[in-house]
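Structure, rendered in structure tokens:
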């Protein structure tokens, strides 16, 4: 099991995330006064720093989206009626889930404490057939190969739904690449500096110089659309 | 015990693992009702014994009795039985509300359960009931019950309440 | 039955073979006299059951009862028949992809393979590998390989290709 997630620490509330959801549902905490960014930031930092299993991230997303829904409802009263039904469904589902989750915890405590054991559980080594060996008449190795080929051919091949691309350089890596280059020269031609690298890295490079411009490390100059993009060091 | 119960006990013993009820019926040439009666008698017979039977919707298995589970546990050095949080809640849903299809599990958990169900399946803790055209239904196995030290689902805590499909 | 008899029955069941009396005494912390009494009670209990115990001067073993010997014998008779398509398929899976647990075989075949595996097991073509509390794995036996005229699985036709776990 993963270590407990960090608690929420904001002016209005301090404690676990799911408790906050409960309170919000009972309107004991006014979500319209809470910044959702402040609420989720510590969590996002936490998952960057720790290796969290996807299931746990998923359960956090459920909590976060419930908060978002409740908050949206409070801020936009006209939505209230439409959403009312969905929220009731949602709350019911969460309650149902909670009951089985608790029951499952009990399984965890009891698991393997006093198991009922199958025959030969403590048998030494490998269990062999006690009956006489009887080899099937006329069985050839080729027949086995054919049987398996036929079986595997009958299994439909699952087409992947998502494609993974080879990971190129990250934004941080490309950022530092530009920063290094700009220590030696104060002007760069963007098109020249991205010549010959993959499209994915070209896109990341563009993001990198935008980020640098935002941080006022560089100034960008382009005289006409699709023209030469010049990067000036500030 | 009557002859059918004796034969079933011997078949379960030689099998060494869970046997489908349909196979027991076929091998002993009995109807569903006769099998149920025979299993009941066998269960009665094992009441004060070191062995008992686990019965699920589809299978029967001869195992050591809860009477001696504490005694045997001392010899069982295998302690690798940790289950993840996701595994526990999925098992709980399947145990109490099963047999059920994956969609129902997803709907209550609020996340896709394909991966976790597959893990449970490979560990022998759940099985698919229908493998033909329709979406497969899942139910817990004898292996699952045996790890909890019980012989039927009905011994699960609050079974009647949590097995009811319309929870208030 | 009393507690000692129950414990002994469970120990014999999980041992899967003859157990030395001295070992039973040690495990149940009993004297020779207590063990003899407990075995007597166990024998009494199995009087009308599908199982019984064989007691020799030094060992005890849990076996199927003479009551059901005739019934069980019929399953050993027709062993020299050719393999059915299902059996061939299962055997090829175990030969090329083994060791496999039953659930993996079920998953690839798409049907419950319990019975077929047991037939192969009883014919000595496959054996069970039991790794502590996990589900047993199946693999082909040496006798099986030697009857095919080969000494290792790797000599099976197209072994490398067919044993690969990723189906293309």
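Protein chains in written order, with this note's numbering: chain Y, 15 to 248; chain F, 770 to 937; chain Z, 770 to 937.
Every residue gets a Cβ at the ideal spot worked out from N, C-alpha and C, and that includes glycine.
- Taken atom to atom, the span from the alpha-carbon of residue 920(F) to that of residue 121(Y) is near 14 angstroms.
- Taking 9 angstroms as the cut-off, the Cβ atoms of residue 906(F) and residue 880(F) do not count as close.
- Residue pairing from DSSP places residue 828(F) in a beta bridge opposite 789(F).
- For residue 858(F), the neighbours in chain Y by C-beta distance under 7 angstroms run, in chain order, 114, 115 and 118.
- Taking a cut-off of 8 angstroms on C-beta distances, the segment 886–896 of chain Z touches the segment 147–158 of chain Y, as three or more cross pairs fall below it.
- Assignment of residue 169(Y) by DSSP, reduced to helix, strand and coil, places it in the coil class.
- The three-state secondary structure of residue 908(Z), taken from DSSP, is strand.
- Its Cα nearest to that of residue 242(Y), the residue 204(Y) stands out among 231(Y), 61(Y), 82(Y) and 204(Y).
- For residue 836(F), the residues of chain Z that pass the 7 angstroms Cβ criterion are 775, in the order they occur in the chain.
- Any Cβ of chain Y closer than 9 angstroms to the Cβ of residue 832(F) would place that residue at the interface, and such an atom is present.
- Taking the CA atoms as reference points, residue 813(F) sits about 11 angstroms from residue 774(F).
- Just so you know, the alpha carbons of residue 890(Z) and residue 134(Y) end up roughly 15 angstroms apart.
- Fewer than three pairs of CB atoms, one per stretch, sit closer than 8 angstroms, so the segment 834–853 of chain F makes no contact with the segment 801–811 of chain F.
- No Cβ-Cβ contact shorter than 9 angstroms links residue 827(Z) with residue 797(Z).
- By the neighbour-count criterion, in which 16 or more other beta carbons inside 10 Å mark a residue as buried, residue 132(Y) falls on the buried side.
- Annotation: Cβ neighbours of residue 789(F) in chain Z (cutoff 7 angstroms, chain order): 881 and 883.
- In the DSSP secondary-structure assignment, residue 232(Y) is bridged to 247(Y).
- Under the Cβ distance rule, residue 866(Z) counts among the residues neighbouring chain Y, one pair being separated by less than 9 angstroms.
- Separation of residue 876(Z) and residue 77(Y) (C-alpha to C-alpha, rounded to the nearest whole angstrom) is 35 angstroms.
- Within chain Y, the residues placing a beta-carbon under 7 angstroms from that of residue 782(Z) are 133, ordered along the chain.
- At least one C-beta of chain Y is nearer than 9 angstroms to the C-beta of residue 845(F).
- Annotation: residue 229(Y) to residue 110(Y) spans about 48 angstroms, alpha carbon to alpha carbon.
- Using a CB distance cut-off of 9 angstroms, residue 81(Y) does not count as an interface residue toward chain F.
- Straight across, the Cα-Cα distance linking residue 227(Y) with residue 234(Y) is about 7 angstroms.
- Within chain F, 892, 893 and 912 have C-beta atoms less than 8 angstroms from the C-beta of residue 904(Z), given in sequence order.
- Of all alpha-carbon atoms in 33(Y), 129(Y), 79(Y) and 29(Y), the one lying nearest the alpha-carbon of residue 783(Z) is that of 129(Y).
- Taking CB atoms only, residue 822(Z) has no neighbour in chain Y less than 9 angstroms away.
- Closest in C-alpha terms to residue 831(F), from the list 911(F), 917(F) and 933(F), comes 911(F).
- Look at the segment 918–929 of chain Z: the residues with a C-beta under 9 angstroms from a C-beta of chain Y are 918, 919, 924, 925, 926, 927 and 928.
- Interface with chain F (9 angstroms Cβ-Cβ cutoff): residue 818(Z) is included.
- In the DSSP assignment, residue 898(Z) falls within the unbroken beta strand (DSSP E) covering 895–898.
- Against residue 111(Y), the close residues of chain F are 858, 877, 878 and 879, in the order they occur along the chain (beta-carbon pairs closer than 8 angstroms).
- Around residue 885(Z), the same chain offers 855, 856 and 859 as residues with beta carbons nearer than 7 angstroms, after the five sequence neighbours per side are excluded.
- In the same chain as residue 778(Z), and ignoring 5 residues on each side of it, the C-beta atoms closer than 6 angstroms to its own belong to 811, in chain order.
- The Cβ atoms of residue 104(Y) and residue 785(Z) do not sit closer than 9 angstroms to each other.
- Per DSSP, residue 201(Y) is one residue of the beta strand (DSSP E) stretching across 201–203.
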